[in-house]
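Engineer: Here the sequence shown stands for residues 2 to 249, where the numbers follow my numbering. Structure incoming, see below.
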Amino acid sequence: MKILVSNDDGVDAPGLHQLAASLKKLGEVYICAPEGPRSGASSALTLYAPLLVTEVGPRCWSVSGNPADAVKLALTELIDGRPDIVVSGINNGLNCGSNVLYSGTVAAALEGAQAGILSFAVSRKVASNENYRAEARLAARIIGTLSDAPSGGNTVYNINIPSPKPRGVVTTTTELQPYVDRYDRRIDPRGRVYYWLRGEPPRQARGNGYLSDEGAVAQGFVAVTPLRRNLTDESLLRDLARLYPSRK
2 MKILVSNDDG
12 VDAPGLHQLA
22 ASLKKLGEVY
32 ICAPEGPRSG
42 ASSALTLYAP
52 LLVTEVGPRC
62 WSVSGNPADA
72 VKLALTELID
82 GRPDIVVSGI
92 NNGLNCGSNV
102 LYSGTVAAAL
112 EGAQAGILSF
122 AVSRKVASNE
132 NYRAEARLAA
142 RIIGTLSDAP
152 SGGNTVYNIN
162 IPSPKPRGVV
172 TTTTELQPYV
182 DRYDRRIDPR
192 GRVYYWLRGE
202 PPRQARGNGY
212 LSDEGAVAQG
222 FVAVTPLRRN
232 LTDESLLRDL
242 ARLYPSRK
């Protein structure tokens with residue numbers, strides 16, 4: 002099995018390399034990641050500057066752009082042959098709920114899925130230590146299991162790990178509840194106004210029959226959520242077609 006690993010924390014991030022080490026039990030690992038932190042980049046592409054690629058080790062490259070740039074370049078220019086899976090992580094911070102809309106970790110995995118490759122995003126609860134080995138081993142086991150299981154086209158499995166010793170692994174959904182956005186308004190030494198974002202997490206989530214990813218990690222479980230990039234609101238298609246008929 003050929004495996005491409007990326008992230009949004011940068012090519013030197015310990016979570017990236019400890020995950021790659023655990024995935025070597027599953028196959029041949031290639032790393033292509035941004036040259037530095039790109040948290041919150043989502044699926045942004047670099048369009049107005051050249052992308053610089055540096056080979057930092059055997060089968061390991063850094064890219065001057067964003068996570069989506071790194072995966073696109075790896076798939077089209079850097080790796081001989083098509084990877085069997087794409088894995089992004091391990092992110093130091095959970096990517097549950099509305100975070101999936103902004104996460105560069107999830108976006109890197111979605112880029113693989115967009116190319117028709119089964120993809121995974123892996124995140125852990127934020128911690129000050131740089132030891133990801135337990136989470137990396139657990140993620141590799143889950144990825145190994147899901148790599149052999151049926152999956153939909155263009156699927157990303159979003160894996161969120163609450164601790165090195167979770168209670169178990171559960172299937173979850175993602176509730177896209179909006180953050181309560183807050184900004185700190187400050188003034189710099191030259192009298193200019195500037196702002197720092199400090200959003201607060203949603204206070205409640207809707208139920209749809211499945212435990213949410215946020216609820217699962219709060220209870221100590223690893224949350225595994227299947228994601229797709231299709232943004233069509235299927236529930237409104239029929240009503241909309243009454244106003245503007247669809248064409249085939």
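In this text, a Cβ means the ideal position worked out from N, Cα and C, and glycines have one as well.
1) Could you spell out where the alpha helix (DSSP H) holding R229 opens and where it closes?
2) In the structure shown, what three-state DSSP assignment does S23 receive?
3) According to the Cβ coordinates, are S236 and T174 closer than 8 Å?
4) Within the same chain, show all residues whose beta-carbon is closer than 7 Å to that of E136, passing over the 5 residues directly before and after it, in chain order.
5) Would you mind working out which of V194, P179, P151 sits nearest R255, comparing C-alpha positions?
6) With DSSP as the reference, identify every bridge partner of D185, one or two as the case may be.
7) Between the beta-carbon of G98 and the beta-carbon of S40, is there less than 8 Å?
8) Do the segment 224-241 and the segment 147-162 touch if we need at least three Cβ pairs shorter than 8 Å?
9) Would A122 and S148 be called neighbours here (beta carbons separated by less than 8 Å)?
10) Determine the DSSP secondary structure at E36, reduced to helix, strand or coil.
11) Ignore the nearest five residues each way along the sequence and tell me which others in A75's own chain have a CB closer than 6 Å to its CB.
12) Considering just the uninterrupted stretch of the beta strand (DSSP E) at Y158, what are its terminal residues?
13) Taking the straight line between their C-alpha atoms, what separation do you get for G117 and V72?
14) Identify every run of the beta strand (DSSP E) within the segment 47-91, keeping only runs that are complete inside it and at least 3 residues long; order them along the chain.
15) Are the C-beta atoms of C97 and some chain D residue less than 8 Å apart?
16) Which residues in the same chain have their Cβ closer than 7 Å to the Cβ of T47, if we skip the five residues on either side of it in sequence?
17) S7 and A109 look like a contact to me (Cβ under 8 Å); what is the Cβ gap, rounded to whole Å?
18) Please report the distance separating the alpha-carbon of Q115 from that of N132.
19) Over what stretch of residues does the alpha helix (DSSP H) that includes R134 continue unbroken?
Structural biologist: To lay it out plainly:
1) Run containing R229: none; DSSP gives neither H nor E here.
2) helix
3) no
4) I91, R125, I162, P165
5) A question about residue 255 goes unanswered here, because the residues of the chain that appear run from 2 up to 249.
6) W197
7) no
8) yes
9) no
10) coil
11) L5, C33
12) 157-162
13) 13 Å
14) 54-58, 61-64
15) No chain D appears in the structure shown, which is made up of a single protein chain.
16) G66, N67, D70
17) 4 Å
18) 31 Å
19) 134-148
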